[in-house]
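Here the structure is laid out as structure tokens; the discussion comes afterwards.
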Amino acid sequence: MDEGAESLLARVPEAVALADAVGLGDELVAPATTAAAVWTSGRMRPLPTGTVMGVPADLRALGRSGVLSARGLARVPLDRVLPGSAVTGDAAAGDRSVADVVGGRLGAEVVERLVEPLLGGVYAGRADELSFAATLPQLAAAGRDTRSLLAAARVAQARSSGARTGPVFLTVPAGLGRLAIRVAAAADAECLLGRPVRELTRTPDGWRLVIGPTPEPEVLAADAVVLAVPARPAARLLTGVAADAAAELAGIDYASVAVVTLAWPAADFAAPVPGSGFLVPAADGRLVKAATFSSVKWPHLAAADPTLAVVRGSVGRHRDEAVLQRDDVELAGLVAADLRSATGVRGRPVAWRVTRWGGGLPQYAVGHLDRVRRIRAAVERQPGLEICGAAYDGVGVAACIRSANSAAAGIVDFLAKPPPAGG
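Be aware that the sequence shown starts at 103, since it is given in the numbering used here, and climbs by one per residue.
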């Protein structure tokens, strides 16, 4: 079972290319279903088709889903008569939060019952704090050419559908972690694993790194460096190297989450579970923010043991980490109780495990894109230094691979240049 990221976004070509390069391309498999639901007001309701990160493009499908109240549904079409300049928050207006843009156009219920649950699954973040431009870039781009957010959603969906062939998500049946293991094994160099980097300083010939445990430090000389670490460790390492970048990196906050994986006898579910999983609006006050019916979503898990039903429950939102202070037994019990209420499953799980990801998800707060531009500008002033990772342009595995490719290309270009005269 994957207890962290469970799939790659297939439309990012760099991710599939990397899997191919290390011999995993032929092993990649697609989910059996990606149909999801929203568990709200005590009922399981289908996630409306035709949405872009919860923003509806099809009002009929939105109405059929029953996710919104009659009043909330009636508010949505007002988007068509609101001033078009309010859609995205252009350069003159500055960046705005998801709640400000989407709530202002479509009403608070669309934010609370659709958009925020999806953002909670991806970023563990809050719609009133996350940047619209950074977290919904496809809508922000489409919104610059349309008069309404509904129209922007239709444009973004059409662009996505036109560019996509085949499945949206892919994974490795033996665990997505195999991708990292294969990449490390394929590297044409020694990989020093488990060695924390404690200091980074520039030298006349490149870089000096102090690595290893504090009582037994080692010094490593390098021609170039890629910082592929979370924002705050990057800030500490860059304090004496690129102070402007360090200050900006220190301002990126992170959310902590936990994944609770449980297995029941399949017969304990009175009825087949609907689709691949469900989302839970924060306004409903449940502990679980999302659940994945893993053995329904992934055929290889069902084939491994057809008598078991495996479910992953996600817990934890930004600024609500107190829920994670519970011990494993209590946390697993509370997640199991929510799943019983949601699905009607009987009995107790036959196995469970809690996996905690402290500081696992960077928060793309309002102004994030400008912050990243300033960080990159400061880093570019340091030849032979690159940055990459989830803190910048996307939190998914595929986005991180794309970020890493860009950083690696920058290092290759730097190393290919002749040294300066007299150097």
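For every residue, glycine included, the Cβ atom is placed at its ideal position computed from N, Cα and C.
When DSSP reads this structure, threonine 151 sits in no beta bridge, so it has no partner. Following the DSSP letters along the chain, one finds valine 285 inside the alpha helix (DSSP H) bounded by residues 279-288. Beta-bridge partners of phenylalanine 371 (DSSP): none assigned. Secondary-structure assignment with DSSP links phenylalanine 271 through a beta bridge to Leu111. Annotated as distal: serine 443 and arginine 414, with beta-carbon spacing of 7 angstroms or more. A direct Cα-to-Cα measurement between glycine 314 and leucine 302 gives close to 13 angstroms. The closest CA to that of glycine 435, considering only Pro451, Ala244, Ala509, is found on Pro451. DSSP places isoleucine 354 outside both helix and strand once states are collapsed to three, so it counts as coil.
The alpha-carbon of aspartate 104 is positioned some 32 angstroms away from that of arginine 473.
In this chain, the alpha helix (DSSP H) harbouring glutamate 218 covers 218-225. Judged by DSSP in its simplified three-state form, glutamate 129 adopts helix.
Our two residues, alanine 345 and arginine 334, have alpha carbons roughly 13 angstroms apart in a direct line. Annotation: alanine 323 is outside any alpha helix (DSSP H); the continuous beta strand (DSSP E) that includes it extends over 320-324. Rounded to the nearest whole angstrom, the C-alpha separation of glycine 491 and valine 499 is 9 angstroms. Spatial neighbours of glutamate 423 in its own chain (CB-CB distance under 8 angstroms, excluding positions within 5 residues in sequence) are listed in chain order as Ala357, Ser358. Residue nearest to glutamate 108 within the set Asp515, Ala453, Leu403 is Leu403 (criterion: CA-CA distance).
Under the 8 angstroms Cβ criterion, the stretch 264-278 counts as touching the stretch 129-145, having at least three qualifying pairs. Residue state for threonine 142 is assigned as strand, using DSSP reduced to three classes.
Excluding the 5 residues flanking it on each side, proline 306 has no same chain C-beta neighbour closer than 7 angstroms. For threonine 237, the enclosing alpha helix (DSSP H) stretches over residues 234-237.
For leucine 487, the CB contacts under 6 angstroms within the same chain, skipping 5 residues up- and downstream, are Val327, Val481 in chain order.
Distance between alanine 411 and alanine 291, taken at the CA atoms: about 42 angstroms. Assignment of beta-bridge partners to isoleucine 313 by DSSP yields Val299, Glu320.
Annotated three-state conformation of glycine 415 is strand, per DSSP. Residue burial is scored here from C-beta neighbours: glutamine 427 has fewer than 16 other C-beta atoms within 10 angstroms and is therefore classed as exposed. In the three-state reduction of the DSSP assignment, serine 167 falls in the helix class. A straight line joining the alpha-carbon of leucine 251 with that of glycine 205 spans about 10 angstroms. Pairing glutamate 214 with alanine 385 gives a Cβ-Cβ distance under 7 angstroms. Excluding five sequence positions before and after alanine 276, the CB atoms of its chain that fall closer than 8 angstroms to its own CB belong to Glu129, given in chain order.
The C-beta separation of leucine 322 from leucine 311 comes to about 4 angstroms, placing the pair in contact by the 8 angstroms criterion.
Inter-residue distance for arginine 145 and alanine 287 is about 48 angstroms (C-alpha atoms, whole angstroms). When the five nearest sequence neighbours on each side are left out, the beta carbons in the same chain lying within less than 8 angstroms of the beta carbon of serine 171 are those of Glu211, in order along the chain. Non-local beta-carbon contacts of leucine 517 in its own chain, meaning distances under 7 angstroms to residues more than five positions away in sequence, involve Asp325, Ala326 in chain order.
As computed with DSSP, valine 398 is found in no beta bridge at all. Distances from the CA of arginine 475 to each of Asn507, Ala493, Pro158 were compared; the closest alpha carbon is that of Ala493. By the neighbour-count definition (other C-beta atoms within 10 Å, threshold 16), serine 167 is a buried residue.
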